[in-house]
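A.B. asks:
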Amino acid sequence: MSKDITSRADDYSQWYIDLVRKAGLADYSAVKGCMVIKPYGFAIWENMRDTLDRMFKDTGHVNAYFPLFIPKSFLSKEAAHIEGFAKECAVVTHYRLKNAEDGSGLIVDPDAKLEEELIVRPTSETIIWNTYREWIDSYRDLPLLINQWANVVRWEMRTRLFLRTTEFLWQEGHTAHATRDEAIDETRKMLDVYATFAEEWMAMPVIKGVKTANERFAGAEDTYCIEALMQDGKALQAGTSHFLGQNFAKAFDVQFNTKDNTREYVWATSWGVSTRLMGALVMAHSDDDGLVIPPRLAPTHVVIVPIPKPTPELVERATAIANDLRSKGVRVKIDTDDQNRPGYKFAEYEKLGIPVRLGLGARDLENGTIEVARRDTKEKASVDITTITDHIVKLLDDIQANMLERARAYRDEHITPVDTWDEFVRLLDEKGGFLSAHWDGTGETEELIKTETKATIRCIPLNNPQEAGTCIKTGKPSTQRVLFARAY
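To convert, count from 1 in the sequence shown and add 10; that's this note's numbering.
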């Protein structure tokens, strides 16, 4: 275990904070509730962002950018939307500062009050749909498939790096369609994109489902989600895709001429993931020695460490190996530091979660071998140096697959059918994970369970089997099980 990282068994929450900070992912800022994403953390986020961006474009979407500020009156136009976000909004009331007459410093100029307050973007549905009214007039203008990469502000009282901060980075897709079915297909398609990214790139298995009415996005008719399970048995919502119906089109009067030359309101979706995925990546895979990063997202795939220090001969051979690996698309670093001992370097690279470490010494050169250490299992092997490139390319794929399989096995072991209230409460405390239980379908019961246990309905899984039963809390009839969990 790394000496400067708290163990997961001792304090999982502190382990997470230690790891995020000690591995150089992020740090606290001078602005309460906000974070600084450090270069190493941002490099991982860039890999996430670039991959998702390609996936969005492959499904026909294009990028645009909309203002950070939203007139207060816009949020008032969709009743459920403003009710959902009102308590989280940061509000701009003035546009100028001035020096205080008593010389005490800068003050807000009372004469510079805005005629209408501006809301710092908590989400962009309102500003975007006000714009879409100008862009959409005919069925020929549809579908409109736009994504935005941006930052948003949602005022938070209790924050945690990456998982919940006042300002965070994200993408938000906003699409307009001619029919209800087209919009629902888009909503489900983007959910599939998120699930594919989570599993094939983050090596993080997810459950696709739909939220209950209590948990759905403010202003949506349906919210679809992907839910993941962290190593402490808590769930994390990793992405959402919303079918907005015609709510925002009606609020902003966005209509189009149909092929039959009638005027109809368009159908809408929105969908997004955020830097919260960084927190998910840490908690799904990492251990007491540091990060464990899936190769597809790792800024560096392989680090080559000359042992015991970088001599010209060792660096020359390491450079040749690195160049050959780079020709295969492998991201490689050669450690040329001659101040620290190999043991210290090994511990640091474990902390950073670099998937593969190569140790190269004079004796290795004599024997024609090189030591290969993989981060996920910590296994070491001596490999013929002439075959190292092919070995590493295959090994990276093996690590990616192993990380997904290991996370899936943990998740599957922590999906537990529960039939009684006593068992429900006991397993929440003793085992955690997803509890598959019957629920009577009412928001009142859902809220009661949340109040008593802090467990929420994470989702109703897609294609959920229908099964007669009784609600674990009220004993009323139920037609299906839903997934409960405590969550971030």
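Just so you know, even glycine gets a beta-carbon here, dropped at the ideal spot from N, CA and C.
#1: List the whole-angstrom C-beta distance separating LEU438 from THR463, where the pair is believed to meet the contact cut-off of C-beta under 8 Å.
#2: Check for me: the alpha helix (DSSP H) holding GLY43 runs from which residue to which?
#3: Quick check on LEU7: buried or exposed, where buried means 16 or more other Cβ atoms within 10 Å of its Cβ?
#4: Could you check if GLY442 is buried or exposed, using at least 16 other CB atoms within 10 Å of its CB as the buried criterion?
#5: Identify which residue in ARG170, ASN224, ASP242, LEU179 has its Cα closest to the Cα of ASP20.
#6: In the structure shown, what three-state DSSP assignment does GLN256 receive?
#7: Please list the terminal residues of the continuous alpha helix (DSSP H) segment that includes PHE434.
#8: Less than 8 Å between the CB atoms is what I'm expecting for LEU173 and GLY363, so what's the real figure, rounded?
#9: How would you label ARG487, buried or exposed, when you count the other beta carbons within 10 angstroms and need 16 or more for buried?
#10: Looking only at C-alpha atoms, which of LEU35, ALA497, HIS71 sits nearest to SER280?
#11: In angstroms with no decimal places, state the Cα-to-Cα distance between ARG416 and GLU423.
#12: Between the region 161-173 and the region 185-203, are three or more C-beta pairs nearer than 8 Å?
#13: Could you check how far apart the C-beta atoms of ILE303 and PRO365 are, in whole angstroms? I think they sit under 8 Å.
#14: Look at the alpha carbon of GLY113 and the alpha carbon of LEU107, and state the distance between them as a whole number of angstroms.
#15: Hey, quick one: how far does the alpha helix (DSSP H) through HIS71 stretch, first residue to last?
#16: Measuring CB to CB, does ASP429 end up less than 8 Å from SER17?
#17: Pull the bridge partners of ARG491 from the DSSP assignment, please.
#18: Could you tell me the distance, in whole angstroms, from the CA atom of LEU291 to the CA atom of VAL283?
#19: Please say whether TYR149 and ALA267 have beta carbons closer to each other than 8 Å?
#20: At what residues does the beta strand (DSSP E) containing THR279 begin and finish?
#21: If you run the structure through DSSP and keep just helix, strand and coil, what is PRO81?
#22: In whole angstroms, what separates the C-alpha of ARG273 from that of ALA261?
#23: Let me make sure I understand the geometry here. Which of GLY94, LYS123, ASN109, PHE95 has the alpha-carbon closest to that of VAL102?
#24: Decide if LYS218 is buried, meaning its Cβ has at least 16 other Cβ atoms within 10 Å, or exposed.
#25: Tell me the DSSP secondary structure of ALA33 in three-state form.
#26: Using DSSP's beta-bridge definition, name the partner residues of VAL315.
#27: Just the Cα atoms here: how many angstroms apart are THR349 and PRO305?
#28: What runs of the beta strand (DSSP E), each 3 residues or longer, lie entirely inside the region 83-153?
#29: For ASN267, list the residues DSSP reports as bridge partners.
#30: To which residues of the same chain is LEU335 closer than 7 Å at the C-beta, ignoring the five residues directly before and after it?
#31: Just the C-alpha distance for PHE66 and GLU376, rounded to the nearest angstrom, thanks.
#32: In whole angstroms, give me the CA-to-CA distance for GLU144 and VAL276.
C.D. replies: Judging by the given coordinates:
#1: 6 Å
#2: Unbroken run through GLY43: none, as it is neither H nor E.
#3: Here the chain comprises residues numbered 11 to 498, so residue 7 is not present and cannot be evaluated.
#4: buried
#5: ASP242
#6: coil
#7: 431-440
#8: Contact flag wrong, Cβ pair sits at about 18 Å.
#9: In the sequence as presented, Arg is not what sits at residue 487; that position holds Pro. Classification of PRO487: exposed, given that the 10 Å Cβ count is below 16.
#10: HIS71
#11: 11 Å
#12: no
#13: 7 Å
#14: 14 Å
#15: Neither: HIS71 is in no alpha helix (DSSP H) and is coded neither H nor E.
#16: no
#17: HIS448
#18: 13 Å
#19: Note that residue 267 is Asn in the sequence shown here, rather than Ala. Their beta carbons are under 8 Å apart, which means ASN267 touches TYR149 by this criterion.
#20: 277-284
#21: strand
#22: 16 Å
#23: LYS123
#24: buried
#25: coil
#26: GLY369
#27: Checking the sequence shown, residue 349 turns out to be Gln, not Thr. Cα to Cα, the separation comes out at about 28 Å.
#28: 100-104, 107-109, 116-118, 123-130
#29: SER148, ARG273
#30: VAL312, VAL342, THR399, ILE402
#31: 50 Å
#32: 13 Å
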